[in-house]
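J.:
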Amino acid sequence: MFRILTNLLLTILLLSCSKNSVTPTEMPKPKLLIGLSLQQYKNTAPGLDGYLEGLDYAVRNGINIFGMSPEWNTLETNPNSYSLQDNLANPLNLLDPDKTKLNSYILVLKMIDTNIKSVPDDLENLDFDDPDMINRFSLLLDKIFSEVPSIERVSYILIGNEIDGYLSANPNQLQGFKVFYVSAIQKIHALNPKVKVGTIITFNSAKTNPTLFDTFKYVGDFICYTYYPTDEQNSIPWQMRPTNQVKDDIDWMVQNAAGKPIAFTEIGYTSSSENSSSEVQQTEFVQVMFSSLKPYIDSKKVAFVYYHGMYDYPQGFCNQYAQQQGVDSTYLCGFMDNLGLHSWETGQPKPAWNTFVSEINE
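So in the working numbering, spot 110 of the sequence shown is number 159, and the numbers just go up one at a time.
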């Protein structure tokens with residue numbers, strides 16, 4: 050779902066440009082790096098102003114990190130031809146130009162986006178461990194680290210998004226992608242040893258596909274999950290499990306992280322009655338999520354949490370996402386249309402929002 054948010058943000062940022070130079074301000078390090086997917090609602094002001102209003106609202110309420118998630122094929126539109134200004138430089142420099150709002154940025158570089166292989170067209174038929182594939186990605190990283198202003202604000206880089214989707218459907222690519230992944234980690238560490246590198250796997254796959262999970266959990270600096278507690282045993286898809294199961298899930302994720310910190314690029318709980326939920330259950334989820342994470346935050350076993358998200362998606366919008374991913378939209382749309390902490394229609398907060406704000410500012 051990061052794919053949709055990136056496209057929305059880029060549409061806005063393309064409309065504006067800022068060349069103001071401001072002396073950076075050192076920000077205090079928070080106890081928890083926490084972000085929030087900043088979807089917009091029906092009456093959001095157009096352009097960059099509307100997006101900045103949303104960011105300011107989030108920051109006032111405790112949000113301190115921002116995530117970017119471009120596909121490789123949008124960063125390298127033709128062989129060795131790069132588009133970094135709109136996809137990376139603008140988000141890094143327009144959203145927080147005086148460096149007083151955000152403590153850090155997260156960058157998800159997507160050559161796999163759930164079910165999609167999103168590499169440049171001329172590399173589409175190559176395996177991930179092909180030397181040409183690895184070399185081209187290495188050149189892209191060189192370009193990013195040498196030419197993108199404020200790239201030093203990125204403290205976490207993820208190689209691929211929900212890689213279990215594509216690799217479960219293409220198991221012959223599993224070991225090849227591991228070779229690619231290890232090469233990317235080594236390259237990024239050489240360019241900036243301070244940057245932590247990982248990849249993203251869904252919680253459900255981590256539990257049910259240990260072969261895939263074990264292939265990657267011993268590599269990288271931390272373990273990053275996407276987590277929506279859906280009932281995989283239910284014949285009806287996208288049904289939510291009871292919130293009293295969340296603590297056990299979080300404990301499992303920490304205990305199976307090979308001693309490394311965990312992180313979430315997506316974590317959330319729909320309020321849709323169509324998906325066995327309600328606004329009360331969504332509020333309970335937020336409470337249980339924070340109480341379950343607290344001991345691990347205190348012991349520095351949580352790198353960051355990126356909640357999904359600020360607003361519900363517009364009705365019908367999930368059909369585009371389902372078509373892109375090649376998945377059935379039945380029940381998915383009820384899930385996505387009610388996933389946010391605010392209503393898309395009115396912009397008003399749901400009960401879970403007040404709980405969310407209270408928890409992150411405790």
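C-beta atoms are modelled at their ideal positions from N, C-alpha and C, and glycine is treated no differently.
1) Quick check: the Cα distance between S167 and Q134, rounded to an integer number of angstroms?
2) What span of residues does the alpha helix (DSSP H) with F229 cover, start to end?
3) Where does L342 sit, in a helix, a strand or coil, going by DSSP?
4) Please confirm whether E201 and T251 have their CB atoms less than 8 Å apart.
5) Let me know the beta strand (DSSP E) ranges lying completely inside the region 137-165, each 3 residues or longer, listed in chain order.
6) Using the Cβ count rule (16 or more neighbours within 10 Å means buried), how would you classify Q89?
7) Do you know how far the Cα of Q364 is from the Cα of I249?
8) What did DSSP end up calling N319 once you bin it into helix, strand or coil?
9) Cβ atoms of S86 and K142: under 8 Å apart, would you say?
10) Buried or exposed for N129, going by 16 or more other Cβ atoms inside 10 Å?
11) Express the C-alpha separation of K245 and N110 in angstroms, rounding to a whole number.
12) Name the DSSP bridge partner or partners of N127?
13) Hey, L144 and L104 are a contact pair by Cβ (cut 8 Å); roughly how many whole angstroms apart?
14) Can you tell me the Cα-Cα spacing of S195 and L189, whole angstroms?
15) Please say whether M289 and T275 have beta carbons closer to each other than 8 Å?
16) Helix, strand or coil for A371? Go by DSSP, reduced to three states.
17) Going by the beta-carbon positions, is the gap between N113 and L151 smaller than 8 Å?
18) In whole angstroms, what is the alpha-carbon distance linking S217 and D147?
19) Do G84 and G116 have their C-beta atoms within less than 8 Å of each other?
20) Compare the C-beta of T275 against all C-beta atoms of chain C and say whether one is closer than 8 Å.
21) Could you tell me the distance, in whole angstroms, from the CA atom of L82 to the CA atom of I346?
22) Determine the extent of the beta strand (DSSP E) in which F353 is found, giving its start and end residues.
23) To the nearest angstrom, how far is it from the Cα of D98 to the Cα of P180?
24) Just tell me which of L261, T126, P77, A312 has its CA closest to the CA of D270.
25) Determine, using beta carbons only, whether F366 and L390 come nearer to each other than 8 Å.
26) For the structure I just gave you, are there three or more beta carbon pairs, one from the region 330-341 and one from the region 375-382, closer than 8 Å?
27) Residues bridged to E120 by DSSP?
28) Assuming F384 contacts T292 under a Cβ cut-off of 8 Å, what Cβ separation, rounded to an integer in Å, is found between them?
29) To the nearest angstrom, how far is the alpha carbon of K349 from that of I285?
30) Under 8 Å Cβ to Cβ from K91, same chain only, skipping five residues before and after it: list those, please.
31) Kindly identify the DSSP beta-bridge partner or partners of Y205.
T.: Let me spell this out:
1) Each residue's alpha carbon lies about 19 Å from the other.
2) For F229, the uninterrupted alpha helix (DSSP H) run begins and ends at 223-240, by DSSP.
3) helix
4) No.
5) Runs of the beta strand (DSSP E) spanning 3 or more residues and lying entirely within the region 137-165 occur at 153-162, in chain order.
6) buried
7) Cα-Cα distance, rounded: 27 Å.
8) The sequence shown places Thr at residue 319, rather than the Asn named in the question. Of the three classes helix, strand and coil, the one that applies to T319 here is coil, per DSSP.
9) The question names Lys, but residue 142 in the sequence shown is Asn. It is not a contact, given that the beta carbons lie outside the stated cut-off.
10) exposed
11) For N110 and K245, the distance between alpha carbons rounds to 26 Å.
12) S130
13) 6 Å
14) 10 Å
15) no
16) helix
17) yes
18) 43 Å
19) yes
20) Included in the structure is just one protein chain, with no chain C present.
21) Straight across, the Cα-Cα distance linking L82 with I346 is about 10 Å.
22) Element bounds for F353: 351-356.
23) 44 Å
24) A312
25) no
26) no
27) K159
28) Actually they do not touch by this definition, with Cβ atoms about 16 Å apart.
29) 37 Å
30) P363, W393, E394, T395, G396
31) I155, K245
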